[in-house]
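J.:
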Amino acid sequence: MALLDTLEQGLRDIDARGLRRRRRTADTPCSAHMQVDGRATIGFASNDYLGLAAHPQLVAAIAEGAQRYGAGSGGSHLLGGHSRAHAQLEDDLAAFAGTFVDAPRALYFSTGYMANLAVLTALAGRGTTIFSDALNHASLIDGARLSRADIQIYPHADMAALAAMLEASDASAKVIVSDTVFSMDGDVAPLARLVELAEKHGAWLVVDDAHGFGVLGPQGRGALAQAALRSEHLVMVGTLGKAAGVSGAFICAHGTVIEWLVQRARPYIFTTASSPAVAHAVSASLRLIEREEGDARRAHLKHLIGRTRSLLIDTCWQPVDSHTAVQPLVIGANEATLALQATLERDGLWVPAIRPPTVPEGTSRLRISLSAAHSDADLDRLNASLQRASLEAREFAQ
Ligand SMILES: *Cc1c(COP(=O)(O)O)cnc(C)c1O
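Using numbering that gives the first Met the number 0, read the sequence shown as starting at 0 and increasing by one per residue.
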């Protein structure tokens, strides 16, 4: 029992620090209005930015893909599990997202977490230095650690600091890695400057566009297309469970990079290929994203982002200057953040509290995620509840 006692003590510590995480169970599809833990809720927790997760055409595409290719892939991509649905999706993704490089190819993964482990372990090893933004996603941090490269962390988006580190480095190989849209702050990395630095120092530049793909750029092609960047140094990771509404991820780069990954990326090689039905549905999602339906959803999302920015300024808490669908409201202390989350929950609103280690100590926040599935009336509900809680907090403080 000593083993269990150790864990139970650890769990009590987590409770004492206000860090216990609890899962909510949804009985209905991911959308603005959901049944969660048996209660009707307006959800501001998903990354379903375009509101496609429950789209009837994608539901139908999964069914059609299963009819055509079966339920399971049966094997890894290199040993029999690579289906026509995966191959077609990779061609579709390269054509759609590969605007930043000549001869683009794409490689499909089951999850973004694995894609990030794959790209960093395949491009970096002993003797490499990885230069990593301080606010990068956990999967990039883990990929960097697994690669056994030296890791240098530069202050968030600080290009002068990064330039100095690159200048001072005598590593034989260099990889710069950054989120495009930072997942807990919603700000966008200085991508043009990152490309300049990568080219100047002969470094790879790996960008994780999990929160940009489908939302930013012409037809939702992502943050690199939005910034109209082109470089052979660029390696893009995009995820397909957020704006694309299904699941999986991809790496897009020059064909030679992708061939290297097929040969060398262990998180690609040693795992069963995802269901071909899912890949088939992602191809259908790309068609929605790039056409008028996608444009209309992006326009509505943009409207909601603008409204939310002006609503959050009127609370007593600290909004983050974000122009993306991630709209954080920094409260500070863990307990206060949890209390506000609970207040909103009583009003039928599900807005998750984000606490350390996901964000730095003392910057716990509500992470309001907007989706094209939200209506103006949904935002009105959120606003009314936040303003009421803000008034109470101000009175309490006096
Ligand atoms: C969500 C996310 C991932 C992981 O993608 P999954 O497909 O959910 O595994 C990677 N990077 C960033 C920045 C993310 O937000």
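Cβ atoms here follow ideal geometry from the backbone N, Cα and C, with glycine treated the same way. Values in this document were obtained by computation on a predicted structure and should not be read as measured data.
1) Please list, in chain order, all residues of the same chain as residue 241 whose beta carbon is under 8 Å from its beta carbon, the five residues on each side excluded.
2) Report yes if the C-beta of residue 267 is less than 6 Å from at least one heavy atom of ligand 1; otherwise report no.
3) According to DSSP, residue 365 sits in a beta bridge with which residue or residues?
4) Cutting at 8 Å between CB atoms, please list the residues of its own chain near residue 170, excluding the five before and the five after it.
5) Tell me, to the nearest whole angstrom, how far the beta carbon of residue 219 is from that of residue 289; I am working on the premise that it is less than 8 Å.
6) For residue 70, I'd like the list of residues in its chain whose CB is within less than 8 Å of its CB, leaving aside the five on either flank, ordered along the chain.
7) Can you find the residues in the same chain that come closer than 6 Å, C-beta to C-beta, to residue 422, ignoring five residues on each side of it along the sequence?
8) Comparing the CB of residue 112 with every heavy atom of ligand 1, is any distance shorter than 6 Å?
9) Let me confirm a value: residue 296 is counted as buried when at least 16 other C-beta atoms fall within 10 Å, else exposed. Which label applies?
10) When DSSP builds the beta bridges, which residues end up paired with residue 32?
11) Can you tell me which of the three DSSP states residue 95 falls into?
12) Can you give the Cα-Cα distance for residue 380 and residue 23, rounded to whole angstroms?
13) Just checking residue 149 against ligand 1 - is the residue's beta carbon closer than 6 Å to any of the ligand's heavy atoms?
14) CB of residue 238 to nearest heavy atom of ligand 1: below 6 Å?
15) Would the beta-carbon of residue 293 fall within 7 Å of that of residue 287?
16) Is it true that the segment 106 to 126 meets the segment 248 to 256, where meeting means three or more beta-carbon pairs spaced less than 8 Å apart?
17) From residue 349 to residue 12, what does the alpha carbon distance come to, in whole angstroms?
18) Leaving out five residues on either side along the sequence, give the residues of the same chain with a beta carbon under 7 Å from the beta carbon of residue 281.
19) Report the rounded CA-to-CA distance for residue 201 versus residue 158, giving the unit in angstroms.
20) Going by Cα to Cα distance, which pick from 224, 335, 272 and 315 is closest to residue 386?
21) Starting from the Cα of residue 388, find the closest Cα among 372, 343 and 376 and give me that residue.
22) Between residue 100 and residue 231, how many whole angstroms is the CB-CB distance? I'm expecting something under 8 Å.
23) Since residue 418 and residue 224 are thought to touch, with beta carbons under 8 Å apart, how far apart are those beta carbons, to the nearest angstrom?
24) Output the distance between the C-alpha atoms of residue 164 and residue 98, rounded to the nearest integer angstrom.
25) Buried or exposed: where does residue 43 fall if 16 or more other Cβ atoms within 10 Å of its Cβ makes it buried?
T.: Taking the geometry as given:
1) Position 242 of the sequence shown, counted from the first residue, corresponds to residue 241. Close CB contacts of residue 241 within its chain, under the 8 Å cut and outside five residues either way in sequence, are with 46, 47, 48, 209, 210, 212 and 213 (chain order).
2) Position 268 of the sequence shown holds residue 267. It does not: the Cβ of residue 267 is nowhere closer than 6 Å to a heavy atom of ligand 1.
3) Along the sequence shown, read from residue 1 onward, the residue named residue 365 stands at position 366. Partner(s): 328 and 352.
4) As a working mapping, residue 170 is identified with position 171 in the sequence shown. If you ignore the 5 residues before and after residue 170, its C-beta comes within less than 8 Å of the C-beta of 126, 127, 128 and 149, all in its own chain and listed in chain order.
5) Translated into the one-based positions of the sequence shown, residue 219 becomes position 220. Translated into the one-based positions of the sequence shown, residue 289 becomes position 290. The beta-carbon separation of residue 219 and residue 289, rounded to 7 Å, stays under the 8 Å limit for a contact.
6) Taking the sequence shown and counting its residues from 1, one reaches residue 70 at position 71. Once the five neighbours on either side are set aside, the close Cβ partners of residue 70 are 274 and 276.
7) With the chain covering 0 to 397 only, the question about residue 422 has no answer from this structure.
8) Along the sequence shown, one-based indexing puts residue 112 at 113. Residue 112: yes, Cβ under 6 Å from ligand 1.
9) Stepping through the sequence shown from its first residue, residue 296 is reached at position 297. Burial call: buried.
10) As a working note, residue 32 is residue 33 in the sequence shown. DSSP output for residue 32 lists 41 as bridge partner(s).
11) For the purposes of this step, residue 95 is taken as residue 96 along the sequence shown, with counting starting at 1. Looking at residue 95 - three-state DSSP - the assignment turns out to be helix.
12) The residue labelled residue 380 in the question sits at position 381 within the sequence shown. The residue labelled residue 23 in the question sits at position 24 within the sequence shown. The alpha-carbon atoms of residue 380 and residue 23 are separated by roughly 21 Å.
13) Position 150 of the sequence shown, counted from the start, is the residue given in the question as residue 149. No - ligand 1 has no heavy atom lying nearer than 6 Å to the Cβ of residue 149.
14) Translated into positions along the sequence shown, residue 238 becomes position 239. Relative to ligand 1, the nearest heavy atom lies less than 6 Å away from the CB of residue 238.
15) The sequence position of residue 293 within the sequence shown is 294, counting from 1. The sequence position of residue 287 within the sequence shown is 288, counting from 1. Yes, the Cβ-Cβ distance between residue 293 and residue 287 is below 7 Å.
16) Cβ pair count under 8 Å is three or more, so yes.
17) Within the sequence shown, residue 349 is the residue found at index 350, counting from 1. Within the sequence shown, residue 12 is the residue found at index 13, counting from 1. About 26 Å.
18) Locating residue 281 in the sequence shown gives position 282, counting from the first residue. Here the set comprises 88, 239, 243, 245 and 247.
19) Here the question's residue 201 lines up with position 202 in the sequence shown. Here the question's residue 158 lines up with position 159 in the sequence shown. Take the alpha-carbon of residue 201 and the one of residue 158: they are about 16 Å apart.
20) Mapped onto the sequence shown, residue 386 falls at position 387. For the residues 224, 335, 272 and 315, the minimum Cα distance to residue 386 belongs to 315.
21) Translated into the one-based positions of the sequence shown, residue 388 becomes position 389. The residue with the shortest Cα to Cα distance from residue 388 is 343.
22) Here residue 100 corresponds to residue number 101 of the sequence shown, with the count starting at 1. Here residue 231 corresponds to residue number 232 of the sequence shown, with the count starting at 1. Approximately 6 Å separates the beta-carbon atoms of residue 100 and residue 231; this is inside 8 Å, confirming the contact.
23) Absent from the model: residue 418. The displayed extent of the chain is 0 to 397, so no value can be given.
24) Here residue 164 corresponds to residue number 165 of the sequence shown, with the count starting at 1. Here residue 98 corresponds to residue number 99 of the sequence shown, with the count starting at 1. Within the model, the alpha-carbon separation for residue 164 versus residue 98 is close to 29 Å.
25) Position 44 of the sequence shown, counted from the first residue, corresponds to residue 43. With 16 or more other Cβ atoms within 10 Å, it is buried.
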